[in-house]
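Undergrad: Dropping a structure here in structure tokens format, bear with me for questions.
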Amino acid sequence: MAHRLVAKGGVDLEALSPRDANAQRMPKAIEMKTTKPVAQLKAAKDKEPPPQPPAAVDEPPSSDRPNGAVYQVGRMLGKGGFAVCYQGYLMPERKKYALKIVRSQMPSKMMQKFQTELQIHSKMNQKNIVQFFRAFSFHDCMYLVLELCTNGSLMDMVKKRKGLTEPEVRFYSVQVAGAIKYMHGKGIIHRDLKMGNIFLDHRMNAKVGDFGLAALLVTGRDMQTIRRTTLCGTPNYIAPETSPEGKEGT
């Protein structure tokens with residue numbers, strides 16, 4: 020029910036009863052509900068992996084490759100949260116690599132994460148770490164050229180065989196420990212070390228990869244802050260004491 024009011028200056032205003040006012044507000048409530056899924060869809064699209072690459076990918080000319088290079092794209096090796104990995108052949112000699120592909124346009128936080136991964140991985144040079152070769156842009160995507168580990172991951176091996184022998188556990192433990200020692204010596208912490216991120220080359224040697232959550236190691240007060248506020252990794256592999264529930268003993 021509406022009532023007429025006259026404000027100062029003779030302006031005619033309409034006053035609504037509470038029921039009428041609620042009725043008037045209904046379209047706004049409906050509008051908010053319809054805009055929320057749109058935002059969720061946009062966020063989901065931002066996290067989508069890049070589309071399938073063309074059959075051939077061109078690396079632009081650079082100082083060490085004045086004529087550029089061409090990679091023939093092979094089968095998909097795997098995909099993660101915002102990246103996909105394909106087998107690639109450097110033409111014409113058909114030397115094999117792994118091509119990790121991400122979109123050139125992505126949310127700022129994801130871009131910062133990718134740039135950190137790129138910066139850290141490019142500095143790694145150790146026999147038990149997946150070797151980084153180069154990076155370039157092509158058709159709205161960024162490509163990382165990495166060492167190809169033809170025998171999948173340690174997780175693939177465990178799933179297939181339902182376990183490892185004790186000599187194998189000792190063998191891979193020594194190799195992974197060597198990679199960790201090297202990373203820590205460079206001031207790098209991986210923060211997502213798990214069997215799915217330990218790859219096996221053609222000689223079945225372990226290679227630590229996927230530096231998407233890696234970070235530079237800091238000390239002193241900054242390190243204490245990071246320990247209190249940063250929780251990342253894969254839940255099944257996170258140390259219990261790092262979570263609030265673990266600290267409370269639950």
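Okay, so the sequence shown: first residue is 20 according to this note's numbering, each after it adds one. Where a beta carbon is used, it is the ideal one built from N, C-alpha and C, also for glycine. This structure is a prediction, so every number in the text was calculated from the model and none was measured.
Could you compute how far the alpha carbon of Pro186 sits from the alpha carbon of Gln124?
TA: By 1-based counting over the sequence shown, the position of residue 186 is 167. By 1-based counting over the sequence shown, the position of residue 124 is 105. When rounded, the distance between both Cα atoms is 46 Å.
Undergrad: State the start and end residues of the unbroken beta strand (DSSP E) segment that holds Gly171.
TA: As a first step, residue 171 is located in the sequence shown; it is residue number 152 there, counting from the start. First-last for Gly171: undefined, no H or E at that position.
Undergrad: Where does Leu137 sit, in a helix, a strand or coil, going by DSSP?
TA: Position 118 of the sequence shown, counted from the start, is the residue given in the question as residue 137. Reduced to three states, the DSSP call for Leu137 is helix.
Undergrad: With distances taken from CA atoms, which of Val103, Gln138, Leu118 is nearest Val76?
TA: Locating residue 76 in the sequence shown gives position 57, where the first residue counts as 1. The residue with the shortest Cα to Cα distance from Val76 is Leu118.
Undergrad: Label Lys317 either buried or exposed according to how many other C-beta atoms from any shown protein chain fall within 10 Å of its C-beta, with 16 as the threshold for buried.
TA: Residue 317 lies beyond the residue range present for the chain, which begins at 20 and ends at 269; the question has no answer from this structure.
Undergrad: Rounded to whole angstroms, what is the Cα-Cα separation between Leu235 and Met130?
TA: Position 216 of the sequence shown, counted from the first residue, corresponds to residue 235. Position 111 of the sequence shown, counted from the first residue, corresponds to residue 130. Answer to the nearest angstrom: the Cα atoms are 17 Å apart.
Undergrad: Looking only at its chain, what residues have a beta carbon closer than 6 Å to the beta carbon of Lys142, apart from the 5 residues adjacent to it on each side?
TA: Here the question's residue 142 lines up with position 123 in the sequence shown. If we look at Lys142 and ignore the five residues flanking it on each side, it has no Cβ neighbours.
Undergrad: What number of angstroms, rounded off, separates the C-alpha of Leu212 from the C-alpha of Val89?
TA: Locating residue 212 in the sequence shown gives position 193, counting from the first residue. Locating residue 89 in the sequence shown gives position 70, counting from the first residue. Cα to Cα, the separation comes out at about 33 Å.
Undergrad: State the DSSP-derived secondary structure class of Lys142, mapped to helix, strand or coil.
TA: Taking the first residue of the sequence shown as 1, we reach residue 142 at position 123. Three-state result, Lys142: coil.
Undergrad: Straight-line CA distance for Asn41 to Ser127?
TA: Mapped onto the sequence shown, residue 41 falls at position 22. Mapped onto the sequence shown, residue 127 falls at position 108. Low confidence applies here, because Asn41 scores a pLDDT of 47, under 50, leaving its location unreliable and the question unanswered by this model.
Undergrad: When DSSP builds the beta bridges, which residues end up paired with Phe151?
TA: For the purposes of this step, residue 151 is identified with residue 132 of the sequence shown, where counting begins at 1. Phe151 is bridged to Leu165.
Undergrad: Just to confirm, is the Cβ distance from Leu219 to Met176 under 9 Å?
TA: What you label residue 219 is simply residue 200 of the sequence shown in a count that begins at 1. What you label residue 176 is simply residue 157 of the sequence shown in a count that begins at 1. Yes, these two residues count as a Cβ contact at 9 Å.
Undergrad: Does the stretch 162–170 come within contact of the stretch 104–116, defined as at least 3 CB pairs closer than 8 Å?
TA: In short, these stretches touch, since the Cβ pair count reaches three.
Undergrad: Round the Cβ separation of Gly215 and Asn147 to the nearest angstrom and send it over; I've been treating them as touching at under 8 Å.
TA: Translated into the one-based positions of the sequence shown, residue 215 becomes position 196. Translated into the one-based positions of the sequence shown, residue 147 becomes position 128. Contact flag wrong, Cβ pair sits at about 16 Å.
Undergrad: Is the beta carbon of His203 sitting closer than 9 Å to the one on Asn170?
TA: Counting from 1 along the sequence shown, the entry for residue 203 is found at position 184. Counting from 1 along the sequence shown, the entry for residue 170 is found at position 151. It is not a contact, given that the beta carbons lie outside the stated cut-off.
Undergrad: Given a threshold of 16 other Cβ atoms within 10 Å of its Cβ, counted over all protein chains shown, does Arg246 qualify as buried or as exposed?
TA: Stepping through the sequence shown from its first residue, residue 246 is reached at position 227. For Arg246, the predicted model reports a pLDDT of 49, less than 50, meaning its position is unreliable and no value from the coordinates is stated.
Undergrad: Starting from Met95, follow its DSSP beta bridges and name the residues at the other end.
TA: Counting from 1 along the sequence shown, the entry for residue 95 is found at position 76. Answer is Tyr105, bridged to Met95.
Undergrad: Where does Ser123 sit, in a helix, a strand or coil, going by DSSP?
TA: The count along the sequence shown starts at 1 and reaches residue 123 at position 104. Three-state DSSP puts Ser123 in coil, outside helix and strand.
Undergrad: Expressed to the nearest angstrom, what Euclidean distance is found between the alpha-carbon atoms of Gln91 and Phe155?
TA: Within the sequence shown, the letter at position 72 stands for residue 91. Within the sequence shown, the letter at position 136 stands for residue 155. The straight-line gap from Cα to Cα measures roughly 15 Å.
Undergrad: Near Tyr201, what residues of its chain come up, given a Cβ to Cβ distance below 6 Å and the 5 sequence neighbours on each side ignored?
TA: The count along the sequence shown starts at 1 and reaches residue 201 at position 182. For Tyr201, where only same-chain residues beyond five positions count, the Cβ hits under 6 Å are Gln145.
Undergrad: What does DSSP give as the partner residue(s) for Ser156 in the beta ladder?
TA: On the sequence shown, position 137 is the one that residue 156 refers to. Met161.
Undergrad: When we look at the beta-carbon of Asp229 and count the other beta-carbons within 10 Å, is it buried (16 or more) or exposed?
TA: What you label residue 229 is simply residue 210 of the sequence shown in a count that begins at 1. The residue in question, Asp229, is buried, as its Cβ has 16 or more Cβ neighbours within 10 Å.
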